[in-house]
Amino acid sequence: MSHFTITCRGCGKELKDVYCAFCEHCANSLLVTDYKDPFRDDCGSGIWKFNWLPVHKPTFEQPGTIVYRSQWLARHLGMENLYIAFNGYWPERGALLETCTFKEFEAAIVLQNAVENEVEGLIVASAGNTARAFAHLSVVADFPAIIVVPRMCLMEMWYLESSSRVPTLAVSDGDYSDSIDVARRISAISGLPFEGGVKNIAKRDGLGSTILEAVSKIGRLPDHYFQAVGSGTGGIGVWEMSERFIRDGRFGSKLPELHLAQNLPFVPMVHAWEKKSRELFKEDLRPELIGQISTRVLSTRYPAYSVRGGVFDAMQACGGAMYGVTNREVFESLELFSNLEGIDLVPASAVAVGALRQSVEKGIVKKDETVLLNITGGGELMLGREKKTYNVEPAFVSKKITDKEIEKLVCTLLKKN
Ligand SMILES: [Zn+2]
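Using this note's numbering, the final residue of the sequence shown is 432, and nothing's skipped along the way.
Structure (structure tokens):
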């Protein structure tokens, strides 16, 4: 008997044990996982200690989030109950994610879920850190994956040594959205599924595991939750987990307010939410805006915003705010955080710190409220002092690649493995 079922947010249809399912009635609606049992955090080690994950028998180790109460940043901001969810490499605190990103949870849960559903391999499209996470987990879980990234992100990308044998393609003439298109075509031709983006329940539940650790540690749902968003998948995952906690009944009765941030001037979700529009505005998706931000990992032009069960619905259900954070605020926040808390951050995490600073200045968050700040990635410098990291050496492809060329390429890539 499975400990979970999957339900469509649109029509309520229930599905069981299927990989990355889509509702046949509702093309534009997300499915969500329903867990039968109350929340537990004693089911195994690392991330596997939680029962609210769509996996049965984990086959590899996966460390989880570390949540701790901030002293110095909290004091600086005049906050009494600021908790930091640190996702990255910081052994002193017990944080052991060698890819330095919370995308490791997404990759771990997606791959374990795929293994259990007898999927034979996955095609992954990413703007950078998701690629590193999937490449790492592909090796850890011994599960084939082909990774597709935009060339413009290569500069900011690195792999662990073991990941360098994972087949990686770089789309030389396009952005993140073009690499998603290429990945979809490779998937159709190779027969290996596309990891599914936000529609994959395993992805959202994996990213939502951050709030599982927070509630396990704090004993209740936070009043406010801060995170930087690119696709918005992490924010949606946290909303879904929070709804489960409310149904559980032991951890609070109010959803945490969501405070989601993007890097100015590329802030399509911020502008749409300000106008309470379910649709994004075309002028906010112009590619030239992406060239101006310092956090490319937040640059997707296909965020999970309008879809039923997406960011718009999450914001409506939870309340809260969306924030545009300037490059200057990003760099100030990077420095502030590492000076006060003693660990380096990736720029995307500094976007969340910038949003927290804005909300404190505006008095949106009250001094004594319980706040969870999701540091989605950090500890790269710390890791670099202990381990060697490598530039990614991809095979380059054009977004205009023909089906025939893809066929040939897939043959070579999969044979090499
Ligand atoms: Zn449906």
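No residue lacks a Cβ here, since even glycine has one placed at the ideal position from N, Cα and C. This structure is a prediction, so every number in the text was calculated from the model and none was measured.
In this structure S17 is exposed. Its beta-carbon is surrounded by fewer than 16 other beta-carbon atoms within 10 angstroms. The beta-carbon distance between V386 and Y98, rounded to whole angstroms, is 7 Å. This is short enough to meet the 8 Å contact definition. Setting aside the 5 residues that flank it on each side, L152 is surrounded in the same chain by A122, A123, L126, each with a C-beta closer than 6 Å to its C-beta; the list follows chain order. A distance below 8 Å between beta-carbons, with the five flanking residues on each side excluded, links S246 to the following residues of its chain, in chain order: G212, V213, T315, Y317, P318, A319. Nearest Cα to V154 within the set G136, L360, L68, V326: G136. Boundaries of the beta strand (DSSP E) harbouring P165: 160-165, taken from the DSSP string. In this chain, the alpha helix (DSSP H) harbouring C333 covers 326-333. Three or more beta-carbon pairs separated by less than 8 Å are not found between the segment 407-416 and the segment 260-274, which leaves the two stretches without contact. Rounded to whole angstroms, the gap between the alpha carbons of A140 and G206 is 16 Å. Proximity annotation: ligand 1 has residues C23, G25, C26, K28, C38, H40, C41, S44 in chain order, each selected because its CB is closer than 6 Å to a heavy atom of the ligand.
Unbroken alpha helix (DSSP H) stretches of 4 residues or longer found wholly inside the segment 229-267: 248-263, given in chain order.
Taken through DSSP and simplified to helix, strand or coil, H274 comes out as strand. Shown here for I138: same chain residues with a beta carbon closer than 6 Å to its own, the five before and five after excluded, namely I161, A198, I201, S202, L207, F209 in chain order. In the structure shown, E29 falls within a strand segment according to DSSP collapsed to helix, strand and coil.
Taking C-alpha positions only, D190 is separated from P165 by approximately 5 Å. For I201, the enclosing alpha helix (DSSP H) starts and ends at 191-205. Following the DSSP letters along the chain, one finds I99 inside the beta strand (DSSP E) bounded by residues 96-101.
Within the segment 379-430, the complete alpha helix (DSSP H) segments of 4 residues or longer fall at 395-401, listed in chain order. Of all C-beta pairs linking the segment 378-398 to the segment 105-120, three or more are shorter than 8 Å, placing the two stretches in contact.
Comparing alpha-carbon positions, the option among F411, A150, A336, T341 lying closest to Y174 turns out to be A150. Residue pairing for Y174: DSSP places it in a beta bridge opposite Y405. Listed as beta-bridge partners of R323 by DSSP are S44.
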